[in-house]
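281 is the number of the first residue of the sequence shown in my numbering; add one for each residue after it. Ideal Cβ placement from N, Cα and C applies to all residues, glycine included.
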Amino acid sequence: MQVETSRLPRHILITGGAGFIGSNFVHYWCEQYPGDRVVVLDALTYAGNRATVAPLETTANLRFVQGDICDRPLIDALLQEEAIDTVAHLAAESHVDRSILGPGAFVQTNMVGTFTLLESFRQHWMAQGKPEHVRFLHVSTDEVYGSLGADDPSFNETTPYAPNSPYSASKAGSDHLARAYFHTYGMPTLITNCSNNYGPYHFPEKLIPLMCINILLGKPLPVYGDGQNVRDWLYVRDHCRALDLVIHKAIPGETYNVGGNNEAKNIDLVHLLCGLMDELAPELPVRPANQLITFVQDRPGHDRRYAIDATKIRAELGWTPAETVESGLRKTVQWYLDNRQWWQPLLSPQYQAYYESVYAVASN
Ligand code: NAD
Ligand code: TYD
Numbered sequence: 281m282q283v284e285t286s287r288l289p290r291h292i293l294i295t296g297g298a299g300f301i302g303s304n305f306v307h308y309w310c311e312q313y314p315g316d317r318v319v320v321l322d323a324l325t326y327a328g329n330r331a332t333v334a335p336l337e338t339t340a341n342l343r344f345v346q347g348d349i350c351d352r353p354l355i356d357a358l359l360q361e362e363a364i365d366t367v368a369h370l371a372a373e374s375h376v377d378r379s380i381l382g383p384g385a386f387v388q389t390n391m392v393g394t395f396t397l398l399e400s401f402r403q404h405w406m407a408q409g410k411p412e413h414v415r416f417l418h419v420s421t422d423e424v425y426g427s428l429g430a431d432d433p434s435f436n437e438t439t440p441y442a443p444n445s446p447y448s449a450s451k452a453g454s455d456h457l458a459r460a461y462f463h464t465y466g467m468p469t470l471i472t473n474c475s476n477n478y479g480p481y482h483f484p485e486k487l488i489p490l491m492c493i494n495i496l497l498g499k500p501l502p503v504y505g506d507g508q509n510v511r512d513w514l515y516v517r518d519h520c521r522a523l524d525l526v527i528h529k530a531i532p533g534e535t536y537n538v539g540g541n542n543e544a545k546n547i548d549l550v551h552l553l554c555g556l557m558d559e560l561a562p563e564l565p566v567r568p569a570n571q572l573i574t575f576v577q578d579r580p581g582h583d584r585r586y587a588i589d590a591t592k593i594r595a596e597l598g599w600t601p602a603e604t605v606e607s608g609l610r611k612t613v614q615w616y617l618d619n620r621q622w623w624q625p626l627l628s629p630q631y632q633a634y635y636e637s638v639y640a641v642a643s644n
């Protein structure tokens, strides 16, 4: 089901807009809706990079605010000052490996932070007289559904939640809060559960950027366990298009699964990346790059397979992904080749320390 509304300029608050998906979404939104007011709220944790959206601070109607989603007075003031009518909530602690090392920050940001935003927005929405066009989009993950066996049907919107990592458990908790705000207060929340994204501006710790960068540096490519774990991969701009449709067309209270219909085993994906680097990189320290593949100790509690049934968003909102995994990965590899100045500074001493803490254990 869709709502058909003529488009009013929106005042949108994008949380986590200096992170991977958030920054892609900020760029996307400013291109699509140049008449909108965009406010980006980001704490600039290790995963946030203001430089990614900085050019828009002068070229678009965008304000960047460095701040924490747990800071209630800040959120209250921003919603009021900027007359926010739309929230796209992407701020989160997002990396499973870090949630294993230290789950506390995940509970704080993903659960307490989401609660703080929801509660502040509820007061603001009520004070405005509950306008109809207002939306609160909570962006979540397919990982809340847990792990599938090889022959299990894909996750759909009625699959029971069964999160297995502190990351996915904290996201599941925040999804339940967003759902409850619709059912209890009638606040127009929406939830999306998306599969693994990839594309430009992806922090080096995640599988695809990590492999691209390690290939360029001639470092080992650490594949966890037997490499047979399966993920569904979605090009980040396709995800942004889905979020846009949900904000503009979905009925409040709905939830949508978003996926690329691109299931791949980790080891096959890494071979694909190696092949693309061999083809596209003018120089490589080690060629063919697949000589760098190294199997390392598995991640504790590693989910075996994720797969998304995106029938609902396709049928109700007309969304389909534009990229296949081959076309999207080719663009992504080229982006990492062309944008060394973006990723090189991220390989900081702090990042190296994190890397050692995960991969020293994994290599033993
Ligand atoms: P990311 O880690 O790249 O970015 C998160 C951003 O949130 C960073 O800029 C960080 O500084 C900011 N942030 C963290 N804590 C904050 C706080 N307390 N207050 C304000 N800002 C804070 O994450 P991402 O990959 O862009 O993911 C964005 C959202 O999409 C998350 O909610 C994640 O669960 C969800 N998601 C991600 C994927 C994926 O494959 N990356 C897939 C599905 C869903
Ligand atoms: P990741 O990008 O961390 O996303 P998620 O755990 O949220 O799915 O990892 C994707 C897959 O790649 C996952 O099965 C774990 C695996 N992986 C490795 O094999 N080696 C690595 O160094 C990393 C970071 C991930």
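Original post:
Along the chain, where does the alpha helix (DSSP H) that runs through Ile355 open and close?
Top reply: Arg352 to Glu361
Subject >> Buried versus exposed, by CB contacts within 10 Å (16 or more), Leu293 >> reply: With a 10 Å radius around the Cβ and a threshold of 16 neighbouring Cβ atoms, Leu293 comes out buried.
**OP:** Take the Cβ of Asp406 as the centre, count every other Cβ of all protein chains shown within 10 Å, and call the residue buried at 16 or more, exposed below.
**Re:** A small correction: the amino acid at residue 406 is Met; Asp does not occupy that position in the sequence shown. Met406 is exposed by the Cβ-count criterion.
Original post:
Is it true that the CB of Val345 sits closer than 8 Å to the CB of Ala298?
Top reply: no
**OP:** Write down the C-beta distance between Gln614 and Leu560 rounded to the nearest angstrom, noting that I regard them as a contact closer than 8 Å.
**Re:** 6 Å
**OP:** Could you check what DSSP says for Leu288 in three-state terms: helix, strand or coil?
**Re:** coil
Subject >> Residue environment, Glu636, which counts as buried when at least 16 other CB atoms sit within 10 Å >> reply: exposed
Original post:
Does the region 502-509 touch the region 531-539, meaning 3 or more C-beta pairs lie closer than 8 Å?
Top reply: no
Original post:
Are there 16 or more other CB atoms within 10 angstroms of the CB of Lys451, so buried, or fewer, so exposed?
Top reply: buried
Original post:
Is the region 585-605 touching the region 430-446 in the sense that three or more CB pairs, one from each, lie closer than 8 Å?
Top reply: yes
Original post:
Just to check, is the beta-carbon of Val516 closer than 7 Å to a non-hydrogen atom of the ligand TYD?
Top reply: no
Original post:
What are the boundary residues of the beta strand (DSSP E) that includes Leu501?
Top reply: Leu501 to Tyr504
Original post:
Which of helix, strand or coil does DSSP assign to Ile364?
Top reply: coil
**OP:** List the residues that DSSP assigns as beta-bridge partners of Asp322.
**Re:** Gln346
Subject >> Glu455 - containing alpha helix (DSSP H), residue span >> reply: Residue identity check: residue 455 is Asp in the sequence provided, not Glu. For Asp455, the uninterrupted alpha helix (DSSP H) segment begins and ends at Pro446 to Tyr465.
**OP:** Just confirm the distance between the C-beta atoms of Asn570 and Trp513, as a whole number of angstroms; I'd bet it's less than 8 Å.
**Re:** Between Asn570 and Trp513, the beta carbon gap of about 19 Å keeps them out of contact (Cβ cut-off 8 Å).
Original post:
Who pairs with Cys474 in a beta bridge, going by DSSP?
Top reply: Thr421 and Val538
Original post:
Rounded to a whole number of angstroms, what is the C-alpha to C-alpha distance between Leu626 and Phe462?
Top reply: 39 Å
Subject >> Close Cβ partners of Leu553 (< 6 Å) along its chain, the five nearest in sequence each way excluded >> reply: Met491
Original post:
Are Lys545 and Leu597 close, meaning C-beta to C-beta below 8 Å?
Top reply: no
Subject >> Among Asp583, Thr574, Thr604 and Gly555, nearest to Tyr515 - alpha-carbon criterion >> reply: Thr604
Original post:
In the DSSP assignment, what are the bridge partners of Lys592?
Top reply: For Lys592, which the question treats as bridged, DSSP gives no partner whatsoever.
Subject >> Thr325 versus Arg378: straight-line alpha-carbon distance, rounded >> reply: 13 Å
Original post:
For the alpha helix (DSSP H) that contains Val414, what are its first and last residues?
Top reply: Segment: none, Val414 is in no alpha helix (DSSP H) and carries neither H nor E.
**OP:** Just tell me which of Leu496, Gly296 and Gly555 has its CA closest to the CA of Leu417.
**Re:** Gly296
Subject >> Alpha carbon of Gly479 to alpha carbon of Thr612, nearest angstrom >> reply: The straight-line gap from Cα to Cα measures roughly 5 Å.
Original post:
Considering only C-alpha positions, which residue in the set Arg317, Val576, His404 and Thr389 is nearest to Leu501?
Top reply: Val576
Original post:
With a CB to CB cut of under 7 Å and the five nearest residues on each side skipped, what residues in its chain are close to Asn644?
Top reply: At Asn644 the pLDDT is 49, less than 50, meaning the model places this residue with poor confidence and gives no usable figure here.
Original post:
Using a Cβ-Cβ cut-off of 8 Å (strictly less than) and excluding sequence neighbours within five positions of Pro289, which residues of its own chain qualify?
Top reply: Tyr313, Gly315, Asp316 and Arg317
Original post:
Ala496 lies in the beta strand (DSSP E); which residues open and close that run?
Top reply: With the sequence shown as reference, residue 496 is identified as Leu, and Ala is not the correct amino acid for it. Counting along the chain, Leu496 falls outside any beta strand (DSSP E), though it belongs to the alpha helix (DSSP H) covering Leu487 to Leu497.
Original post:
With C-beta atoms as the reference, is Tyr616 less than 8 Å away from Trp623?
Top reply: yes
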